[in-house]
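Heads up: the structure comes next, in C-alpha cells.
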Amino acid sequence: MPINIVTAHGLTKDYGPLRAVEGVDFTITQGECFGFLGPNGAGKTTVMRIISCFMPPTSGEVKVFGMNVVESPSRIKARIGVMPQDSNLDPDLSVFENLLVYSRYFDIPKKKAAPLAWELLDFVEMREKARAKIESLSGGMKHRLLLARSLVNNPELLVLDEPTTGLDPHSRHAVWDKLKDLMARDTTLLLTTHYMEEAEKLCDRVAIMDLGKIVTIDSPLRLMDMHGGTLEHVYLKLTGRHLET
Amino acid sequence: MKLKRAFRVWQRNFTVYTKLYKSSIALNFVEPALYLVALGFGLGAFVKEINGVPYINFIAPGIIASSSMFAAIYECTYGTYVRMTYQKTFDAILATPVNLNDLVAGELMWGATKSMLYGTIIMVVISLFGLVDSPALILAIPVLFLSGLIFAEVSLIAVATVPGIDTFNYFYTLLMTPMFLFSGIFFPLENLPPVVARIAFFTPLYHLVNICRSFSSGRIWAGMGDLAWIVVVAMVLAPYPFRLMRRRIIK
C-alpha cells in the first residue's frame, strides 16, 4: 500500500472574481514524480502554492504528510523543499551565505549548516562559486543554486515550479540529471512544466490541466498509448489546444 | 507567530547589515551632524538660548530622536518594499517554516533595533560634544526601541498599502517631513498657534523628542506621560501591519 504524501479533494481557488482552480482532486504517493502539465494560466502554479502552504485554498481540503495545509503550515514546510519559477535568491548575500541563511530558517545549527552547504554546492557542481555574488551567476547556475537551496532541509517532498523554463538545453539536462539523482534517493517530486519532453523524461504520472481543471491523470506512457503519438498530441486531443502557446 | 522564527528574519537582516554597514553608517552620521552644526552653530549664533538652554544644547536631544526615526522608516519603507517586491526575499522565506506573521514580526523588530542602534550612536556623539547634561539619557535607549516599533509599524502599513515604490515620496513629503519640522526639535511649539501643538501631540516623534530632552536634562518624570503615549500607541498599531501585509502578500 503506497503512502500518500499529498491528497487534494475538491480544491478550488478564487482570485477575486477569477476562478483559477476548480474542484481539483488528486493524490501523490511516496517516491513518485508527479507532474502538472498545462499552458500558462492553467492553474498549475496556484496548486503548487497551496501545497507549499503559501496561500490557503478557497474551498476543498489539501493534506500534505496527512496534515492540513491551513492548520499546520510550519510543520509541513519543515519537510518540503520549494524551487520557485523565478530566482528569489538573496542578492544581498553570497552564494554560500544564501545556503547558510536559508538553513537557519529551518533551525539547522551552524555547525551542521556549513558542511551541508558545501555538500549541496558539490551536488550542483558550484563549489568554486561559493564566494560569488548572486548577480554574477548565469541563469542556469541560479537554477542550480535554487535547487541546492531547496534541499537544505533534506525534504521528503520537493516542489518544483517550472524547474527548467528559460534554460538552454545543456543547463536543462543538468537540472534533469540532478532531479533523477533525487528520485533515486526516494524523494517525492512534484513539478509543473509546459515542456512535454520534461514530463516524458521525469514523470511517473502527469495531471493534464486546462482552465483550472484536471482533464486526466495517468502515466505519460499510457496516455501516449491511449491517445497516440507524443504527449503533445495527447494534450491537443484532450483540450483541443496546443501546449506551447 | 513564534518568536524564534521571527528572530530568524531579524537575523537575516542583521547578517546583511553587518556586511553593508560600512557604506550606510557614515551617511547616517552625516545628516544629523549637518543639522547639529548648521543649525546649532549657525542659527545658534542668533538664537542664543531657548528656555534658558544654549540653542545647540536645545536641539541636540531632538536630533537623537529624529535620527532614530529616520533609521526605522528608511529600513521599513524602502528596505522592506525592496525585499518584498524586487528581491522576492519574502517569497523565499515563506517557503520555509517561517510564516507571514513571523516575517512581519521579524521586520518590525529589525526596524526597532535599527532605530535604537542609530539613536544610540547619535547619543554617544552628542555626549562627546558635551551636549548632554545628565547620564539619565541612557534610560532613553530602551524607549528608542519602543518608538522605533511605532515607526516600523507605520512604515509597514505604508508598504502594505502603497501601489508602488514612488508613492513613498508622498509618505515622506506629506507625513515625515512635517512631523520632523514640527516635533519641537528646532523650536518649542508653545509659542505657535495652539493647533500646531495639538496636531503634534498625535505624532510619535513629538513625544520621543520630549523624552530625549527631559532625560538628557535629568528630569525623568517629566517624560513619563510621553512614554505612556508611546507604549499605548505601539500596542494599538500592532495588529495593522500583520493584517495589511497578509492582504498584500497572500491573495
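As you go down the protein sequences, you meet chains A and B in turn. Residues in the first sequence are numbered consecutively from 20, following this note's numbering. Residues in the second sequence are numbered consecutively from 1246, following this note's numbering. C-beta: ideal position from N, C-alpha, C; glycine also.
Requested in this report: Sort out for me which residues DSSP pairs MET228 (chain A) with in a bridge.
Outcome: Here residue 228 (chain A) refers to the residue found at position 209 when the first sequence is read from its first residue. Under the DSSP definition of a beta bridge, MET228 (chain A) partners with A:ILE233.
Query raised in the report: Quick one: what's PHE45 (chain A) bridged to in DSSP?
Result: As a first step, residue 45 (chain A) must be located in the first sequence, where it is residue number 26. Paired residues: A:ALA27.
Requested in this report: Measure the alpha-carbon distance for THR264 (chain A) versus MET202 (chain A) and round it to whole angstroms.
Outcome: In the first sequence, the residue the question calls residue 264 (chain A) occupies position 245. In the first sequence, the residue the question calls residue 202 (chain A) occupies position 183. Its pLDDT being 49, under 50, THR264 (chain A) is placed unreliably in this model, and the value from its coordinates should be taken loosely. Here the C-alpha atom of THR264 (chain A) lies approximately 30 Å from the C-alpha atom of MET202 (chain A).
Query raised in the report: When you compare only the Cα positions, how much space is there between LEU1472 (chain B) and LEU1453 (chain B)?
Result: Position 227 of the second sequence, counting from 1, holds the residue named residue 1472 (chain B). Position 208 of the second sequence, counting from 1, holds the residue named residue 1453 (chain B). Per the coordinates, the alpha-carbon of LEU1472 (chain B) lies some 8 Å from the alpha-carbon of LEU1453 (chain B).
Query raised in the report: By DSSP, does MET202 (chain A) sit in helix, in strand, or in coil?
Result: Looking up residue 202 (chain A) in the first sequence gives position 183. The three-state reading of DSSP puts MET202 (chain A) in helix, counting H, G and I together.
Requested in this report: Using a Cβ cut-off of 8 Å (strictly closer), state whether MET74 (chain A) contacts chain B.
Outcome: Start at 1 with the first residue of the first sequence, and residue 74 (chain A) comes out as number 55. Answer yes: the Cβ-Cβ gap between MET74 (chain A) and chain B drops below 8 Å somewhere.
Report task. Report the option in A:LYS161, A:PHE45 and A:CYS222 whose CA atom is closest to the CA atom of SER106 (chain A). Result -> The residue labelled residue 106 (chain A) in the question sits at position 87 within the first sequence. Selected option, being the one with the closest Cα: A:LYS161.
Query raised in the report: What residue does the beta strand (DSSP E) around ASP180 (chain A) start on, and which one ends it?
Result: In the first sequence, counting from the first residue as 1, residue 180 (chain A) sits at position 161. Its beta strand (DSSP E) spans residues 176-180.
Query - Alpha-carbon spacing of ALA132 (chain A) relative to LEU1345 (chain B), whole angstroms - result: Counting from 1 along the first sequence, the entry for residue 132 (chain A) is found at position 113. Counting from 1 along the second sequence, the entry for residue 1345 (chain B) is found at position 100. One C-alpha to the other measures close to 24 Å.
Query raised in the report: Could you give the distance in angstroms between the alpha-carbon of THR212 (chain A) and the alpha-carbon of LEU56 (chain A)?
Result: For the purposes of this step, residue 212 (chain A) is identified with residue 193 of the first sequence, where counting begins at 1. For the purposes of this step, residue 56 (chain A) is identified with residue 37 of the first sequence, where counting begins at 1. For the pair THR212 (chain A) and LEU56 (chain A), the Cα-to-Cα distance works out to about 5 Å.
Query raised in the report: Leaving out the 5 sequence neighbours to the left and right, which residues in its chain are closer than 8 Å to ASP1378 (chain B) when beta-carbon positions are compared?
Result: In the second sequence, the residue the question calls residue 1378 (chain B) occupies position 133. Closer than 8 Å at Cβ, skipping near neighbours: ASN1302, SER1461, SER1462 and GLY1463.
**Report entry** Residues in the stretch 118-152 of chain A having any Cβ partner in chain D nearer than 8 Å
**Finding:** Absent from the structure is chain D; the protein chains it does hold are A and B.
Query raised in the report: Rounded C-beta distance between VAL1254 (chain B) and GLY1393 (chain B)? I'm assuming under 8 Å.
Result: Within the second sequence, numbered from 1, the residue matching residue 1254 (chain B) stands at position 9. Within the second sequence, numbered from 1, the residue matching residue 1393 (chain B) stands at position 148. Not confirmed; about 16 Å, so no contact.
Query - Close-in-space but distant-in-sequence residues of the same chain around GLY100 (chain A) (CB under 6 Å, 5 per side omitted) - result: Here residue 100 (chain A) is taken as the residue at index 81 of the first sequence, counted from 1. The answer, listed in chain order, is SER169, LEU170, PRO174 and LEU177.
Query raised in the report: Smallest Cα separation from GLY1307 (chain B): which of B:ALA1483, B:LEU1426, B:ARG1493 and B:ILE1444?
Result: Here residue 1307 (chain B) refers to the residue found at position 62 when the second sequence is read from its first residue. The residue among B:ALA1483, B:LEU1426, B:ARG1493 and B:ILE1444 with its C-alpha nearest the C-alpha of GLY1307 (chain B) is B:LEU1426.
Report task. Give the straight-line distance between the Cα atoms of THR1341 (chain B) and ARG1328 (chain B), rounded to the nearest whole angstrom. Result -> One-based indexing of the second sequence puts residue 1341 (chain B) at position 96. One-based indexing of the second sequence puts residue 1328 (chain B) at position 83. Computed Cα separation, rounded: 16 Å.
**Report entry** Beta-carbon proximity of ILE1475 (chain B) to ILE1304 (chain B), cut-off 8 Å
**Finding:** The sequence position of residue 1475 (chain B) within the second sequence is 230, counting from 1. The sequence position of residue 1304 (chain B) within the second sequence is 59, counting from 1. No, these two residues do not count as a Cβ contact at 8 Å.
Query - Span separating the alpha-carbon of ALA226 (chain A) from that of LYS63 (chain A) - result: For this step, residue 226 (chain A) is matched to residue 207 along the first sequence. For this step, residue 63 (chain A) is matched to residue 44 along the first sequence. It is roughly 10 Å from the alpha-carbon of ALA226 (chain A) to the alpha-carbon of LYS63 (chain A).
Report task. Would you please verify whether the beta carbon of TYR96 (chain A) is less than 8 Å from any beta carbon of chain B? Result -> Taking the first residue of the first sequence as position 1, residue 96 (chain A) is located at position 77. Inspection of the sequence shows that residue 96 (chain A) is occupied by Lys rather than by Tyr. Contact with chain B is found for LYS96 (chain A), since one of that chain's Cβ atoms lies less than 8 Å from the residue's Cβ.
Query raised in the report: Using 8 Å as the limit for Cβ to Cβ distance, is ARG1253 (chain B) near chain A?
Result: Within the second sequence, the letter at position 8 stands for residue 1253 (chain B). Taking Cβ atoms only, chain A reaches closer than 8 Å to ARG1253 (chain B), which makes this a yes.
Query raised in the report: Secondary structure at LYS1249 (chain B), three-state DSSP: helix, strand or coil?
Result: Residue mapping note: residue 1249 (chain B) aligns to position 4 of the second sequence, counting from 1. Note: LYS1249 (chain B) maps to helix in three-state DSSP.
Query raised in the report: Around the C-beta of LYS129 (chain A), are 16 or more other C-beta atoms found within 10 angstroms, so that it is buried, or is it exposed?
Result: Translated into positions along the first sequence, residue 129 (chain A) becomes position 110. Exposed, by the Cβ-count rule.
Query - Range covered by the beta strand (DSSP E) that runs through MET20 (chain A) - result: Numbered from 1 along the first sequence, position 1 holds the residue referred to as residue 20 (chain A). MET20 (chain A) -> no beta strand (DSSP E), and no H or E assigned at all.
Requested in this report: Report the neighbours of VAL1343 (chain B) on chain A: residues whose CB is nearer than 7 Å to its CB, in chain order.
Outcome: Reading the second sequence from its first residue, position 98 is the one you call residue 1343 (chain B). Per Cβ cutoff of 7 Å: TYR124.
Query raised in the report: Buried or exposed: which applies to THR1263 (chain B), given that a residue is buried once 16 or more other Cβ atoms fall within 10 Å of its Cβ?
Result: Your numbering for residue 1263 (chain B) matches position 18 in the second sequence. THR1263 (chain B) should be labelled exposed.
Query raised in the report: Where ARG1250 (chain B) and ASN172 (chain A) are concerned, what is the direct C-alpha to C-alpha distance, given to the nearest angstrom?
Result: One-based indexing of the second sequence puts residue 1250 (chain B) at position 5. One-based indexing of the first sequence puts residue 172 (chain A) at position 153. Each residue's CA atom was taken as its position, placing ARG1250 (chain B) and ASN172 (chain A) some 15 Å apart.
Query raised in the report: Does the separation of the CB atoms of ALA1403 (chain B) and SER1360 (chain B) fall below 8 Å?
Result: Mapped onto the second sequence, residue 1403 (chain B) falls at position 158. Mapped onto the second sequence, residue 1360 (chain B) falls at position 115. Contact: no.
Query raised in the report: Can LEU164 (chain A) and MET145 (chain A) be called in contact, C-beta distance under 8 Å?
Result: By one-based count along the first sequence, residue 164 (chain A) stands at place 145. By one-based count along the first sequence, residue 145 (chain A) stands at place 126. Yes, they are a contact pair.
Query - Identity of the residue in A:LYS148, A:THR48 and A:LYS152 nearest ASP205 (chain A) by Cα - result: Along the first sequence, read from residue 1 onward, the residue named residue 205 (chain A) stands at position 186. Of the candidates A:LYS148, A:THR48 and A:LYS152, the one whose C-alpha sits nearest the C-alpha of ASP205 (chain A) is A:THR48.
Query raised in the report: From MET1354 (chain B) to GLN1256 (chain B), what distance separates their C-alpha atoms?
Result: Numbered from 1 along the second sequence, position 109 holds the residue referred to as residue 1354 (chain B). Numbered from 1 along the second sequence, position 11 holds the residue referred to as residue 1256 (chain B). For MET1354 (chain B) and GLN1256 (chain B), the distance between alpha carbons rounds to 10 Å.
Query raised in the report: Does the separation of the CB atoms of GLY1289 (chain B) and TYR1300 (chain B) fall below 8 Å?
Result: Position 44 of the second sequence, counting from 1, holds the residue named residue 1289 (chain B). Position 55 of the second sequence, counting from 1, holds the residue named residue 1300 (chain B). Annotated as proximal: GLY1289 (chain B) and TYR1300 (chain B), with beta-carbon spacing under 8 Å.
Report task. Could you check if ALA27 (chain A) is buried or exposed, using at least 16 other CB atoms within 10 Å of its CB as the buried criterion? Result -> As a working note, residue 27 (chain A) is residue 8 in the first sequence. Buried: at least 16 other Cβ atoms inside 10 Å.
Query raised in the report: Going along the chain, which residues of its own chain have a beta-carbon closer than 7 Å to the beta-carbon of ASP44 (chain A), five neighbours each way excluded?
Result: As a first step, residue 44 (chain A) must be located in the first sequence, where it is residue number 25. Same-chain partners within the cutoff: ALA27, HIS28 and GLY29.
Query raised in the report: Pick from B:LEU1437, B:VAL1399, B:PRO1423 and B:VAL1477: whose alpha carbon is nearest that of MET1490 (chain B)?
Result: In the second sequence, residue 1490 (chain B) corresponds to position 245, counting from 1. Of the listed residues, the one whose Cα sits closest to MET1490 (chain B) is B:VAL1399.
Report task. Given a cut-off of 8 Å, decide if VAL25 (chain A) and LEU209 (chain A) are closer than it, judged by their beta-carbon atoms. Result -> Translated into positions along the first sequence, residue 209 (chain A) becomes position 190. Translated into positions along the first sequence, residue 25 (chain A) becomes position 6. A Cβ-Cβ contact shorter than 8 Å links LEU209 (chain A) with VAL25 (chain A).
Query raised in the report: What's the gap between the Cα of THR207 (chain A) and the Cα of ALA97 (chain A)?
Result: Locating residue 207 (chain A) in the first sequence gives position 188, where the first residue counts as 1. Locating residue 97 (chain A) in the first sequence gives position 78, where the first residue counts as 1. Computed Cα separation, rounded: 15 Å.
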